[in-house]
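The sequence shown runs 1002 to 1454 under this note's numbering. No residue lacks a Cβ here, since even glycine has one placed at the ideal position from N, Cα and C. All values derive from a computational prediction rather than experimental measurement.
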Amino acid sequence: MKAKPYAAPMTSGPIWQRIIAFAIPLFLGNLFQQLYNTADSLIVGNFLGSEALAAVSSSGNLIFLLVGFFNGMSVGAGVVIGRFYGAGDLANVRRSIHTTIAFGLVASIPLTIVGVTLAPKILILMGTPEEVLPNSVAYFQVYFGGSVSFVMYNIFVGILQAMGDSRHPLIYLIISSITNVVLDLFFVAVLGFGVGSAAFATVVSQLLSAVLCLVKLMREPAEIRVSLREIRFDLPMLRQIVSNGLPAGIQNSIISLANVVVQSNINAFGAAAMAGCGTYSKIEGFGFLPITCFALSMTTFTSQNLGAQKYDRVKKGAVFGCITSIVLAELVGIAIYILIPTLASFFNRTPEVIAYGTAQARVVTLFYFLLAFSHCSAGILRGAGRSFVPMLVMLVCWCVIRVSYITAAVRIFPVIDVIFWAYPLTWSLSTVVFLFYLFKSNWLKRFERTQRV
1002 MKAKPYAAPM TSGPIWQRII AFAIPLFLGN LFQQLYNTAD SLIVGNFLGS
1052 EALAAVSSSG NLIFLLVGFF NGMSVGAGVV IGRFYGAGDL ANVRRSIHTT
1102 IAFGLVASIP LTIVGVTLAP KILILMGTPE EVLPNSVAYF QVYFGGSVSF
1152 VMYNIFVGIL QAMGDSRHPL IYLIISSITN VVLDLFFVAV LGFGVGSAAF
1202 ATVVSQLLSA VLCLVKLMRE PAEIRVSLRE IRFDLPMLRQ IVSNGLPAGI
1252 QNSIISLANV VVQSNINAFG AAAMAGCGTY SKIEGFGFLP ITCFALSMTT
1302 FTSQNLGAQK YDRVKKGAVF GCITSIVLAE LVGIAIYILI PTLASFFNRT
1352 PEVIAYGTAQ ARVVTLFYFL LAFSHCSAGI LRGAGRSFVP MLVMLVCWCV
1402 IRVSYITAAV RIFPVIDVIF WAYPLTWSLS TVVFLFYLFK SNWLKRFERT
1452 QRV
């Protein structure tokens, strides 16, 4: 059954226009999403001090370790939905949407249990300093107590984006981000509560955005509308979602585990190093958003156009996406390289904290073009249903090799710069592998042959 889609599809019109028009709201939406934890860091760092900032700033790797698997699964669901949507098969779009929502609701239960119970143990294993540990435990336990809010938010946004709608998620994120900042200021600056209240503000804000997304989906045209009574598992559809999402989920979790190992090595240099490197990671998160959004755009663009069997369009879009990502990444890297001392001082004015953040930026930022190409290549391949390839490349390059290098190098040269150099070195390796695969494997022709069978 074919029907007029409710959002402009990415299967027609100028390629650059469609990708950019999709990526800009996606960028702005992710920009506001990045404000969640960054607002926590800014407010906590200025009102509660460096140790509280260290607890919040070092949170990203452990949080993504536990939620990254489910985010990867939502990417897989988006590929399935996008392909059906591009083909105009709205009956299967509807089944895949309700199955995805059912998966998210069920998945949030074990995530809540694991996050609340195991976070303190993981923080201790990471070598979190004693003066930082109580704040870190409080932040993580409150955050994971609200797991259903961020799991379902990511599920709903993934559904909307798979069908080409990146505008409404942007509107909802603006609303929830403003809510988060207001609640942060009220709890921390006015009432004087601790870091746990900053996590609570984030949970409430994410829940608000999830509810807004659900309301939007429940008001869509009948062919793709979400009905609460239809939320259930369709087993054949679930198998497709799992086969596309499982490699991305495993990749996210294992890469996050590797980053937790990296973070534990940073923790050994003390609270100032934790705060400084955590501050840099927040700045990098903002700076790299345009590139991340291009990679996500390429996943949706590729899946929709493969569903519509427009293979030449996929190839042209891949070239445009990769080149644009590389150029953007290098411009952002140069800007951060120059401005990093000033940017870091917004989070904390302690000279030692600023020095650590500046040192990390001055090592890695000029190599952003490598990271951009890897992300864009992975996005294209996921959109083509070949998520196993980026999983394997990133597990080997960004996990096994990165952790092995750091473990050996820090013992020989016990300076923090050795840790920083792990990133450009492993980005270089993944870039070489992706280049070889994209140009030598004939992945697009193989996909086309399977569709003809």
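- If you look at F1302, you'll find it in the alpha helix (DSSP H) that goes L1290 to G1308.
- Rounded to the nearest angstrom, the Cβ distance from G1197 to V1143 is 5 Å, consistent with a contact under 8 Å.
- Between the stretch 1426 to 1442 and the stretch 1370 to 1390, the count of C-beta pairs closer than 8 Å reaches three or more; the two stretches touch.
- Listed in chain order, the non-local C-beta contacts of L1439 below 7 Å within the same chain comprise S1378, local neighbours out to five positions each way being set aside.
- Pairing G1128 with A1269 gives a Cβ-Cβ distance under 8 Å.
- Close CB contacts of S1405 within its chain, under the 8 Å cut and outside five residues either way in sequence, are absent.
- Where V1328 is concerned, the enclosing alpha helix (DSSP H) starts and stops at Y1312 to S1346.
- In this chain, C1400 is not harboured by any alpha helix (DSSP H), its DSSP state being neither H nor E.
- In the three-state scheme derived from DSSP, where H, G and I count as helix and E and B as strand, D1235 is classed as coil.
- Listed in chain order, the non-local C-beta contacts of K1317 below 7 Å within the same chain comprise I1016, local neighbours out to five positions each way being set aside.
- By the Cβ rule, the stretch 1251 to 1266 counts as touching the stretch 1394 to 1403, because three or more pairs are nearer than 8 Å.
- Rounded to whole angstroms, the Cβ separation of W1422 and L1371 is 13 Å, and the two are not in contact under 8 Å.
- Closest in C-alpha terms to I1292, from the list V1107, F1028, T1300 and F1188, comes F1028.
- In the three-state scheme derived from DSSP, where H, G and I count as helix and E and B as strand, R1084 is classed as helix.
- If you look at I1175, you'll find it in the alpha helix (DSSP H) that goes R1168 to D1185.
- In the DSSP assignment, F1270 falls outside any alpha helix (DSSP H), carrying neither H nor E.
- By the 16-neighbour rule on beta-carbons within 10 angstroms, E1132 is exposed.
- Remark: three or more beta-carbon pairs, one from each stretch, lie closer than 8 Å, so the stretch 1341 to 1359 and the stretch 1045 to 1054 are flagged as touching.
- G1288 counts as buried, since no fewer than 16 other beta carbons sit within 10 angstroms of its beta carbon.
- Under the three-state reduction of DSSP output, P1222 falls in the coil class, being neither helix nor strand.
- If you check the CB distance, V1364 and D1418 come in under 8 Å.
- Assignment of R1387 by DSSP, reduced to helix, strand and coil, places it in the coil class.
- Going by beta carbons, S1304 and G1322 fall outside the 8 Å limit.
- Around the Cβ of G1193, a 10 Å sphere holds fewer than 16 other Cβ atoms; the residue is exposed.
- Secondary structure note for N1349: it is in no alpha helix (DSSP H), with a DSSP letter that is neither H nor E.
- Under the 8 Å Cβ criterion, the stretch 1079 to 1087 does not count as touching the stretch 1212 to 1220, having fewer than three qualifying pairs.
- A Cβ-Cβ contact shorter than 8 Å links F1302 with M1011.
- For G1358, same chain residues with a beta-carbon under 6 Å away, outside a window of 5 residues either side, are G1277, T1280, Y1281 and A1345 in chain order.
- Contact between the stretch 1169 to 1182 and the stretch 1231 to 1247 is not established, with fewer than three Cβ pairs separated by less than 8 Å.
- DSSP, reduced to helix, strand and coil, places M1164 outside both helices and strands of the structure shown, so it counts as coil.
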